[in-house]
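Residue numbers (this note's numbering): 222 to 728.
What follows is one structure encoded as structure tokens, with my remarks underneath.
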Amino acid sequence: MPLYVTNTLTRRKERFEPWEPPEVRMYVCGVNLHGPAHVGHARSYVFFDVVRRHLEWSGYRVRHVQNFTDIEDKIIARAQREGRTLEDLAREYIERFLREMDALNVLRAHHYPRATEAIPEMVRIVEGLLAKGHAYVVDGDVYFRVTSDPDYGKLSGRSLEELQAGARVEVDPRKEHPMDFALWKAAKPGEPSWPSPWGPGRPGWHIECSAMSMAYLGPRLDVHGGGEDVIFPHHENEIAQSECFTGQPFVKYWLHNAHLRMEGQAERMTRSLGNVVWIADALARYRPDGIRLFLLSSHYRTPMTWRDDAVAGADRAASHLRAAVEAAETLLRRTAPSGRASGPALQLREKTARVRAAFRSALDDDFDTPGAIAHLHTLAAEVNRLADGIAKQLPEAGRPEDAVEAVAEARDTLRELAGVLGLRLAEPVPASVAQALRRLLEEETALRDVDGQGPPEAVLDRILEARQRARERRDFATADRIRSRLAELGVSVEDYPGGSRWRVRDS
RNA sequence: GGCGACGUAGCCAAGAGGCAAGGCAGGGGUCUGCAAAACCCCGAUCCCCGGUUCGAAUCCGGGCGUCGCCUCCA
């Protein structure tokens, strides 16, 4: 089934067909480096991460570019306030942004151009626009002449008259038309500046994305994305500049995500209002899978609210998915395949195939991530049901060795589909636990003979074996003590008829 | 003022005219040395009023409410 996406430009769901398949050129508007990123930014980048993962899963080769805005009024103001250089400030927030995106399992773009590194390209475009009569110079500033572009307003769906009617800002009288926007700003005293044919100055905001997308992806993009707040003026102006400069269509599909609001706040989350949850704070409270699951639990074009109970709920839902993978793995670790398949195993196979197809259709339908998540839960429940029956040795579950192949396939599918949403479904054993385990082996007499070498997962398996021996001799005091010591380390122990299982505890 | 979204169970949320997905929370049960996890069972006059249709959460009209954008912004 083909992919359909809602194109802001046409306001319709359209079949996705890139200019030159299987290549997809995707440019996503990046952050302004005047401060750290908040969970509203995370919503946008997690969403576009899913766009990319789904395109790649569908066989496209995606070239993904995301910019950093490192020159702009607020950055200059902050640098001056803190007595730091722009470079110093930019370096700090770029590093932090990438670290936080890595933590959220957002795939890295292929290029992260910075505005200040693309000044020559910008100057070249401005010169071209001047030569074609689409721009004019006033006192060292260069403005785009909106009346020279008959298409101006096509993205935001408004005419020049409509835009002017709602204007909230005082108009610079030197401009020919109130909606004309700056391509290049003459330097003010004390501000960083670059030489140009119009004197020292710095670029306007919009020109950077035109220049950087062209430099890395060529004049025509397949996908250009960002938050819906940048539709106007930013993306509107980008189209005007780019198309007037190249004479070609700039972007085939414009994708915009709706905003995230703070619980109890009437307005959307934005750094200038201060009503934000920093990504770093969210990561301290919730696991990455939980945060992603929450952010993807609403369709990307629906506004959503950051509510702690909802994020906590998504965090628990992530555990439920992870439990299915872990239950499958426990079974697979302990059971050799028989080469046969029981009735329940055949049913699981069929369900797995159905879920795979439904999951794909959901994402193909304009990235319906809430629908896709629902299908993931359906498969997880099927795996859990079978694994539960087998762990309890229920006759209707069939023989474990007859379920192995179907369970392995279901687990692989669950992993694969979750991976398209960027969910890891795994909780690695933290290094701190590995160290604490060695101490536990020394302190606990019942664990004296346990080998503490090797990866912590193996050590935990051996600890559970020793604990199992204690249970078998009905030494529950020891067994419970080991369990509670592990719990203190963040490892929970679950007992089943066929043996015990450990899990790194949720958050 | 102009342009545009949205309103589905306590909460989050999908839904391409034909018996209303999924999750979280809650209640009951199964399993179990205890615990935990998982599994099973339980929940909706789809904001209101009209209309079209054999049939509407879905289409049309009108209300009410919430939100976004109209040069800081993901």
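Idealized CB from N, CA, C, for every residue including glycine.
Item, Value
"DSSP three-state assignment for S713, whether helix, strand or coil", "strand"
"Beta-carbon contacts of H259 that lie in its chain and below 7 Å, excluding the five residues immediately before and after", "M490, R492, V497, V498, W499 and I500"
"Proximity below 7 Å, CB of R726 to CB of S705", "no"
"Cβ contact check for the segment 501-513 and the segment 544-560: 3 or more pairs under 8 Å", "no"
"Three-way DSSP call (helix, strand, coil) for S721 in this model", "strand"
"Reference Q469, options T573, R722, M435 and E303, closest by Cα", "M435"
"Proximity below 7 Å, CB of L514 to CB of A539", "yes"
"L569 and L607 closer than 7 Å at C-beta", "yes"
"With 16 other Cβ atoms within 10 Å as the buried cut-off, status of S431", "buried"
"Alpha-carbon to alpha-carbon, S369 and P509", "48 Å"
"Cβ-Cβ distance between V628 and L552 below 7 Å", "yes"
"C-beta contact flag for Y437 and V286 at 7 Å", "yes"
"Boundaries (first-last residue) of the beta strand (DSSP E) holding Y474", "V472 to N478"
"Contacts around A562, its chain only, beta-carbon distance under 7 Å, and the 5 residues preceding and following it disregarded", "D623, E626 and A627"
"K409 - DSSP class collapsed to helix/strand/coil", "coil"
"Cβ shell of M400 (< 7 Å), same chain only, five flanking positions each side left out", "V367, L381, L384 and Q385"
"Residues of its chain near M343, where Cβ-Cβ distance is below 7 Å and the 5 sequence neighbours each way are ignored", "P424, I428, E429 and A432"
"Reference T634; option with closest CA among T573, P341 and R441", "T573"
"Neighbour-count burial assignment, Q462, 16 or more Cβ in a 10 Å radius", "buried"
"Q385, DSSP secondary structure in three states", "helix"
"Ordered list of beta strand (DSSP E) runs contained in the segment 399-473, each at least 3 residues", "402-407, 422-424 and 442-448"
"For V650, the nearest candidate out of A631, E630, E665 and D682 (CA to CA)", "D682"
"Close Cβ partners of S728 (< 8 Å) along its chain, the five nearest in sequence each way excluded", "With a pLDDT of 47 at S728, under the threshold of 50, the predicted position of this residue should be treated as unreliable, and no value is reported."
"Segment limits, beta strand (DSSP E) that includes T227", "Y225 to N228"
"Contact under 7 Å by Cβ, P718 with D443", "no"
"Beta carbon of A408 nearer than 7 Å to that of P421", "yes"
"Cβ pair T227, W475 closer than 7 Å", "no"
"Validate contact between the segment 583-595 and the segment 516-530 using beta carbons, cut 8 Å, 3 pairs", "yes"
"Exposed unless 16 or more other CB atoms sit within 10 angstroms - verdict on P223", "exposed"
"Which residues DSSP lists as bridging R282, in chain order", "E244"
"Reference G640, options T526, G446, V272 and L351, closest by Cα", "V272"
"Helix, strand or coil at Y266 [DSSP, three-state]", "helix"
"Cβ-based neighbour list, A578, same chain, cut-off 7 Å, excluding 5 preceding and 5 following", "none"
"Rounded C-alpha distance that separates T231 from M525", "24 Å"
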